[in-house]
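To keep things clear, I will list the structure first and then write my remarks on it.
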Amino acid sequence: MAQWMNQFSGNTHASRVHDRRTPTPTKHHDRRKLQFAELMGELDGSPFVLPNSFIRLCNEDSIVNRIRHNNIWLDPMPLVVVLPKIERCVAVQIFYEGQGCFYFSLLLCDDGGHRVLFHEDEIVVPYPLRAIAR
Numbered sequence: 064m065a066q067w068m069n070q071f072s073g074n075t076h077a078s079r080v081h082d083r084r085t086p087t088p089t090k091h092h093d094r095r096k097l098q099f100a101e102l103m104g105e106l107d108g109s110p111f112v113l114p115n116s117f118i119r120l121c122n123e124d125s126i127v128n129r130i131r132h133n134n135i136w137l138d139p140m141p142l143v144v145v146l147p148k149i150e151r152c153v154a155v156q157i158f159y160e161g162q163g164c165f166y167f168s169l170l171l172c173d174d175g176g177h178r179v180l181f182h183e184d185e186i187v188v189p190y191p192l193r194a195i196a197r
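Note that our numbering has the sequence shown beginning at 64, numbered continuously upward.
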C-alpha cells in the first residue's frame with residue numbers, strides 16, 4: 064500500500080482528492096447539535112414549530128448515523144427565511160446532497176403544519192421553492 068501511495072505523492076490531483084475528505088461523524092454531530100440549538104433559538108417565541116420527528120432526528124446521533132454520509136447530510140441551518148409569496152410560513156434548510164447539487168428544507172406554517180421542500184440552490188436569501196409531492 065505504501066509503495067502504491069508513493070507513486071502518487073507528486074500527483075497534485077491525487078493530493079486534492081485526499082484533501083477533500085468529508086468531516087468525521089463526530090465533527091458532523093457536534094456541528095449539527097450547535098446549529099440545531101441556534102435554530103431552536105431562532106424559532107423560540109415564534110408561532111413556527113419544528114415537527115417532533117425532526118427534533119428527535121437532530122438530537123439522536125444513532126439515528127443520524129443511519130443516514131448515508133457523503134450522500135445526504137443532515138445540516139439544520141440556523142437561518143429562518145421568510146418567503147414573500149408564501150404568507151404565514153417560513154423555510155428552514157435541513158438537508159443537503161454531498162456534492163451541493165440539491166437541498167431539502169422544511170416549510171413551517173404558523174398553524175403548526177409543515178411540508179418538505181426540494182430546491183437546487185442553497186437558501187441564503189428569500190427564494191421560491193418547489194414542494195415535493197407527498
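Idealized CB from N, CA, C, for every residue including glycine.
Annotation for L171: F111, V153 and H177 place their beta carbon closer than 6 Å to its own, counting only its chain and skipping 5 residues before and after. Per DSSP, V112 lies in no alpha helix (DSSP H) segment and is marked neither H nor E. For I135, the uninterrupted beta strand (DSSP E) segment begins and ends at I135 to L137. Rounded to the nearest angstrom, the gap between the Cα atoms of V143 and E105 is 7 Å.
When C-alpha distances from H92 are compared across N134, I118, D138 and R119, the shortest belongs to D138. Only exposed fits I130, as fewer than 16 other CB atoms lie within 10 angstroms of its CB. With respect to the 8 Å criterion, L102 and P141 are classified as neighbours on the basis of their beta carbons. A check of alpha carbon separations from S116 across R151, D107, I126 and G108 identifies I126 as the nearest. Distance from the Cα of I157 is smallest, within the candidate group K90, L120 and T89, for L120.
In the three-state reduction of the DSSP assignment, L106 falls in the helix class, which pools H, G and I.
The residues H92, in chain order, have a CB closer than 7 Å to that of D124 in the same chain once the five nearest residues on each side in sequence are set aside.
With fewer than 16 other CB atoms across the displayed protein chains lying within 10 angstroms of its CB, L97 is exposed.
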